[in-house]
Structures are given as structure tokens and as C-alpha cells.
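Just so you know, the protein sequences line up as chains X and C, in that order. Numbering of the first sequence is given in numbering that gives the first Met the number 0, commencing with residue 0 and proceeding in unit increments. Numbering of the second sequence is given in numbering that gives the first Met the number 0, commencing with residue 0 and proceeding in unit increments. Positions of the beta carbon are idealized from the N, C-alpha and C atoms, including for glycine. Here the structure is a predicted model, which means the values were calculated and not measured.
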Amino acid sequence: MEKLARLFAGRVPVHSLRLPERHLPVLSSRSDVPLHRLCLTPPIKAARFLAWKRLPARTTALGPLRCKVACHGVPLMAGVSVSKAETLLAAAPPCHRIPSSRLVSLPQSRTNRLRYLAERWKPEGASVLALFSPIIKGSLLRSALDKQTGSLLCWMNPAPGKGDPFFLLLLSKGGQGGQRTMEWVWLPLPGE
Amino acid sequence: MDKGNRAFGYVIVEEDKGVFQGAVMVTDFRGIPLDFRYTDPVRPTRLERVLYGEALELYLREEILLKNLLKAVEIRPQIWFCRSRDLLAPLTEQGARPVLSIEMTGHGPLEKVGEIQSQGEGGSLLLQADPVSAPLRLTPPEEDRDVEGLLPLLLEAAKTMELVEPFTRMRKALEIVGDEEKRA
Numbered sequence: 000m001e002k003l004a005r006l007f008a009g010r011v012p013v014h015s016l017r018l019p020e021r022h023l024p025v026l027s028s029r030s031d032v033p034l035h036r037l038c039l040t041p042p043i044k045a046a047r048f049l050a051w052k053r054l055p056a057r058t059t060a061l062g063p064l065r066c067k068v069a070c071h072g073v074p075l076m077a078g079v080s081v082s083k084a085e086t087l088l089a090a091a092p093p094c095h096r097i098p099s100s101r102l103v104s105l106p107q108s109r110t111n112r113l114r115y116l117a118e119r120w121k122p123e124g125a126s127v128l129a130l131f132s133p134i135i136k137g138s139l140l141r142s143a144l145d146k147q148t149g150s151l152l153c154w155m156n157p158a159p160g161k162g163d164p165f166f167l168l169l170l171s172k173g174g175q176g177g178q179r180t181m182e183w184v185w186l187p188l189p190g191e
Numbered sequence: 000m001d002k003g004n005r006a007f008g009y010v011i012v013e014e015d016k017g018v019f020q021g022a023v024m025v026t027d028f029r030g031i032p033l034d035f036r037y038t039d040p041v042r043p044t045r046l047e048r049v050l051y052g053e054a055l056e057l058y059l060r061e062e063i064l065l066k067n068l069l070k071a072v073e074i075r076p077q078i079w080f081c082r083s084r085d086l087l088a089p090l091t092e093q094g095a096r097p098v099l100s101i102e103m104t105g106h107g108p109l110e111k112v113g114e115i116q117s118q119g120e121g122g123s124l125l126l127q128a129d130p131v132s133a134p135l136r137l138t139p140p141e142e143d144r145d146v147e148g149l150l151p152l153l154l155e156a157a158k159t160m161e162l163v164e165p166f167t168r169m170r171k172a173l174e175i176v177g178d179e180e181k182r183a
């Protein structure tokens with residue numbers, strides 16, 4: 000082995016391999032892919048329950064004493080005691096005053112109760128066309144017969160006062176020459 | 000509270016074409032209003048109707064309208080009245096006691112004023128409140144069936160007012176308020 004080594008020593012050229020320089024393009028797989036949301040700005044709608052929780056209960060002044068109306072604990076009518084029950088006044092919601100003129104002028108209505116009178120009372124020489132009850136004669140400011148419904152509209156005096164309740168009857172009476180006339184008659188309620 | 004200060008409270012909570020609204024009127028025994036409160040109309044959206052289903056109406060009537068109305072009323076009446084029996088329990092829960100639902104009937108008059116006639120299991124009874132009218136149907140809440148204790152007050156007031164009539168005026172008042180707000 001040593002002889003062979005001596006024979007070939009220096010005879011074997013060793014070459015280095017030089018590759019020519021090449022500029023290979025490097026490609027990236029990355030590219031700009033546009034992304035689209037299905038819904039760009041989704042609208043959010045909320046239930047309004049929280050707002051409703053704070054729903055104001057509005058108030059209106061009533062009658063000639065409306066100047067005494069307040070939103071926080073003053074009664075509308077003089078002399079009316081206000082019972083401040085805890086459950087009712089635990090929180091005072093905001094109140095708004097609105098024009099009340101039309102509310103104040105709302106009449107009470109009385110239906111015709113003639114059919115319940117039956118045979119209990121029959122005036123002589125007259126027939127009863129309508130019977131309205133109960134009406135506090137002393138508090139009645141104005142009345143009007145609603146011809147559409149047959150009800151009597153009663154505008155009552157809101158001022159505190161005592162008065163007895165009455166029946167108000169519309170009678171048809173035979174007059175001279177066979178002509179019939181209408182007449183309104185007040186009758187006290189039984190037992191009054 | 001003396002005799003001159005006696006009062007009744009009337010409550011309506013209604014739904015019309017998807018709009019809910021409520022009102023309370025307290026009157027004296029002549030039917031003269033002492034206090035009138037009403038809520039803004041509430042119109043739930045379609046989404047809210049779908050999400051909350053049947054619970055929505057209950058919630059609006061009881062939690063939103065009734066609660067706010069009763070909080071606002073400053074005069075405590077002797078008796079609360081409603082037309083719908085569905086309101087009896089929520090009114091009781093909100094502290095509006097005693098409460099009765101009150102309705103006109105088509106029955107023939109009972110024999111004498113003050114006479115009552117039981118109407119069976121529902122706890123309702125007929126009351127002949129005055130001499131020339133049909134009897135009224137009164138229904139108490141299940142929790143408090145004692146109607147007879149309230150009869151003296153009802154009979155006293157029936158001498159000077161129509162007990163059911165304030166509901167009609169409240170309806171008209173709400174229409175007027177609605178018209179005024181539309182014009183404003």
C-alpha cells in the first residue's frame with residue numbers, strides 16, 4: 000500500500016468544480032388575495048325596552064284648579080288627601096303638562112235607562128221618552144242630548160260641592176189641538 | 000280620608016293595530032276627574048315581536064305601561080277598576096288594591112238595589128247598583144275575593160255617578176290627546 004501511494008503521489012490532480020453563476024428568479028406563492036366580508040357593517044338594532052322602562056306617564060291639569068297641578072306630589076284638587084303609598088311613589092317619572100282645555104270640557108255621558116223604568120212609574124197624560132240617571136242637579140252646568148246615541152252629555156261643575164242626585168226625564172205631553180210637547184222633568188231618586 | 004275625598008281609580012291598557020297605550024283616571028264619587036295620566040303610545044317593531052313572541056304583549060302591558068302609570072298617580076283611590084280581567088293580577092301585584100273588573104251586562108235588573116248574585120267559579124258577581132239599570136258584573140282577583148266589603152262604597156257612588164262611564168271618557172280623552180299631538 001505504501002508503494003502504491005508513493006507511485007501515485009502527486010499524480011492525481013484534484014479539480015474544483017466551478018458552476019457558472021446563474022440568477023434564478025425566486026418566485027413567491029404569495030399574492031394579494033382580496034377578502035370580502037359578507038356583511039361589511041352589520042347594522043345592530045336594539046330592542047327599545049330600556050327606553051320604554053323610562054316611559055313618561057304624562058299628566059294633565061284638570062279644571063279651574065289646574066294651576067295647582069305639579070308633577071311631584073301635589074294633588075290636583077284642593078282638599079284631596081294624597082296617600083303616598085311606597086309602591087306607588089317609589090320613583091317619580093318625569094311628567095309633562097299638556098294643554099288640558101279639551102280634556103276639562105269632556106262631558107260625562109248618561110245612557111237612556113227608560114227600559115229599566117218598566118211599569119214602575121207612569122205620568123198622567125204624558126209618556127216618558129227618556130230617563131237619565133244619576134245626575135247631580137246642583138252641579139250640572141250644561142247638558143245636551145246626543146241624538147246619534149240617545150245619551151245625555153252632562154258638563155259638570157268640578158268645584159267641590161254638595162248636591163242631591165236626580166232622575167232627569169224627557170216627557171212627551173199632549174197639548175191643545177192634539178199637538179204634543181216635550182218637557183224635561185227632574186225627579187228625586189227614590190230614598191233621597 | 001273623609002267622605003268628600005273618596006275616589007275611584009280607572010285603568011285602561013289597550014292595544015290597537017300594534018300600538019299599546021295606557022291611561023289612568025281617578026275620579027271623585029261624582030265622576031269628576033281628580034287626576035288623569037296617560038302614556039306615550041308604544042309601537043314594538045316587527046323584530047321585537049318576532050324575538051319576544053307572546054311575552055312581548057304581557058311585558059308591555061304589565062311592566063311598561065301599568066307600572067309607569069301607577070307610579071305616576073298621586074291620589075290613592077278607594078277602589079281600582081279595570082275592564083279587562085287580565086289586568087286584575089298585575090294591578091294587584093303593583094299594589095293597586097283593592098281592584099275589581101267592572102262591566103255592564105245585558106241582564107234584567109235584580110229585585111232591589113244592593114242585591115248581589117254570584118256568577119259561579121270565576122268569582123264574579125252581579126250587583127244591582129241603582130234602581131234603573133242592568134246589574135253590573137264585578138270580578139275580583141283570585142287572591143282577594145272579598146267583594147262584599149266594597150259594596151257599601153259602590154252603592155254610595157252609584158247614587159251620584161255611572162260607575163262604568165269613566166272608561167268611555169278616558170277613551171275619548173286619549174283620542175283628543177292623540178289628535179292634539181299629531182297637530183303639534
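What are the residues that DSSP puts in a beta bridge with residue i?
| i | result |
| --- | --- |
| X/Met-107 | The amino acid occupying residue 107 of chain X in the given sequence is Gln; Met does not appear at that position. Answer is X/Cys-153, bridged to X/Gln-107. |
| X/Lys-172 | X/Ala-125, X/Thr-180 |
| C/Ile-78 | C/Phe-7 |
| C/Pro-32 | C/Thr-26 |
| C/Thr-38 | X/Ala-56 |
| C/Val-98 | C/Trp-79 |
| C/Gly-21 | C/Val-12 |
| C/Met-103 | C/Leu-135 |
Is residue i buried or exposed, if buried means 16 or more other CB atoms sit within 10 Å of its CB?
| i | result |
| --- | --- |
| X/Leu-61 | Bear in mind that the predicted position of X/Leu-61 carries a pLDDT of just 46, short of 50, making it unreliable; the figure below should be weighed with that in mind. That one is buried. |
| X/Gln-175 | exposed |
| X/Arg-141 | exposed |
| C/Glu-174 | exposed |
| C/Lys-2 | Caution is warranted here: a pLDDT of 46 is assigned to C/Lys-2, below 50, making its placement in the model unreliable, and the coordinate value is therefore given only provisionally. Exposed. |
| X/Gln-107 | buried |
| C/Leu-126 | buried |
| C/Arg-195 | The structure shown has nothing for residue 195 of chain C, since chain C only spans 0 to 183. |
| C/Ile-11 | buried |
| C/Val-176 | buried |
| C/Thr-44 | exposed |
| C/Asp-178 | exposed |
| X/Ala-158 | exposed |
| C/Lys-16 | exposed |
| X/Asp-145 | exposed |
| C/Leu-46 | exposed |
| C/Lys-181 | exposed |
Give me the chain X residues within the contact set of residue i, using Cβ-Cβ distance strictly less than 7 Å, ordered along the chain.
| i | result |
| --- | --- |
| C/Thr-167 | Ser-108 |
| C/Pro-151 | Those do not exist, as C/Pro-151 stays about 15 Å from chain X at its closest Cβ, beyond 7 Å. |
Figure out for me which residue from the options has the closest Cα to the Cα of residue i.
| i | options | result |
| --- | --- | --- |
| C/Val-41 | C/Pro-134, C/Gln-20, C/Arg-48 | C/Gln-20 |
| C/Pro-108 | X/Leu-113, X/Gln-107, X/Ser-150 | X/Leu-113 |
| C/Asp-34 | C/Lys-181, C/Leu-59, C/Ala-6 | C/Ala-6 |
| X/Ser-104 | X/Asn-156, X/Leu-130, X/Phe-165, X/Gly-173 | X/Asn-156 |
| C/Met-24 | C/Trp-79, C/Glu-120, C/Thr-159, C/Ser-123 | C/Trp-79 |
| C/Gly-122 | C/Leu-135, C/Val-146, C/Met-103 | C/Val-146 |
| C/Leu-57 | C/Thr-104, C/Leu-150, C/Glu-13 | C/Glu-13 |
| C/Ile-63 | C/Asp-39, C/Gly-148, C/Gly-105, C/Arg-75 | C/Asp-39 |
| X/Leu-188 | C/Thr-159, C/Gly-30, C/Glu-180 | C/Thr-159 |
| X/Gln-178 | X/Trp-154, X/Gly-124, X/Gly-137 | X/Gly-124 |
| X/Pro-164 | X/Thr-148, X/Ala-143, X/Phe-131 | X/Phe-131 |
Would you kindly check if the distance between the Cβ of residue j and the Cβ of residue i is under 8 Å?
| i | j | result |
| --- | --- | --- |
| X/Trp-185 | X/Leu-167 | yes |
| C/Gly-8 | C/Ala-95 | yes |
| C/Pro-140 | C/Val-72 | no |
| C/Leu-162 | C/Ala-128 | yes |
| C/Thr-138 | C/Ser-100 | yes |
| X/Leu-116 | C/Val-131 | yes |
| X/Ala-56 | C/Arg-36 | yes |
| X/Leu-193 | X/Ser-171 | Past the boundaries of the shown model lies residue 193 of chain X; chain X is included only from 0 to 191, so the question cannot be answered. |
| C/Glu-114 | C/Gly-30 | no |
| X/Arg-109 | X/Cys-153 | yes |
| C/Thr-91 | C/Glu-142 | yes |
| X/Lys-136 | X/Gly-162 | yes |
| C/Leu-152 | C/Gln-77 | yes |
| C/Leu-69 | C/Gln-93 | yes |
| C/Phe-186 | C/Ala-172 | In the structure as shown, chain C starts at 0 and stops at 183, and residue 186 of chain C therefore has no counterpart that could be examined. |
Show which residues of chain X have a CB atom less than 8 Å away from the CB atom of residue i.
| i | result |
| --- | --- |
| C/Glu-14 | Residues of chain X passing the Cβ test: none, with the nearest at roughly 14 Å. |
| C/Glu-30 | Rather than Glu, the amino acid found at residue 30 of chain C in this sequence is Gly. The contacting residues are Gln-107, Met-155. |
| C/Ala-54 | None at all; the shortest Cβ gap to chain X is about 11 Å. |
| C/Lys-111 | What C/Lys-111 touches in chain X: nothing, since even the nearest Cβ is about 11 Å away. |
| C/Pro-108 | Tyr-115 |
For residue i, which residues in chain C fall below 8 Å Cβ to Cβ?
| i | result |
| --- | --- |
| X/Arg-112 | Val-131, Ser-132 |
| X/Pro-133 | Asp-129, Ala-157, Lys-158, Thr-159, Met-160, Glu-161 |
| X/Pro-164 | Lys-158, Thr-159 |
In chain C, what lies closer than 7 Å to residue i by C-beta?
| i | result |
| --- | --- |
| X/Leu-130 | Val-131 |
| X/Ser-138 | Arg-29 |
| X/Leu-116 | Val-131 |
| X/Pro-187 | Simply none; closest approach about 11 Å. |
For residue i, decide whether its Cβ has a neighbour in chain B, counting only Cβ atoms nearer than 8 Å.
| i | result |
| --- | --- |
| C/Ala-172 | Annotation note: the requested chain B is absent from the structure, which comprises protein chains X and C. |
Which chain X residues are close to residue i, counting only those with a beta carbon under 9 Å from its beta carbon?
| i | result |
| --- | --- |
| C/Glu-164 | Gln-107, Ser-108, Arg-109, Thr-110 |
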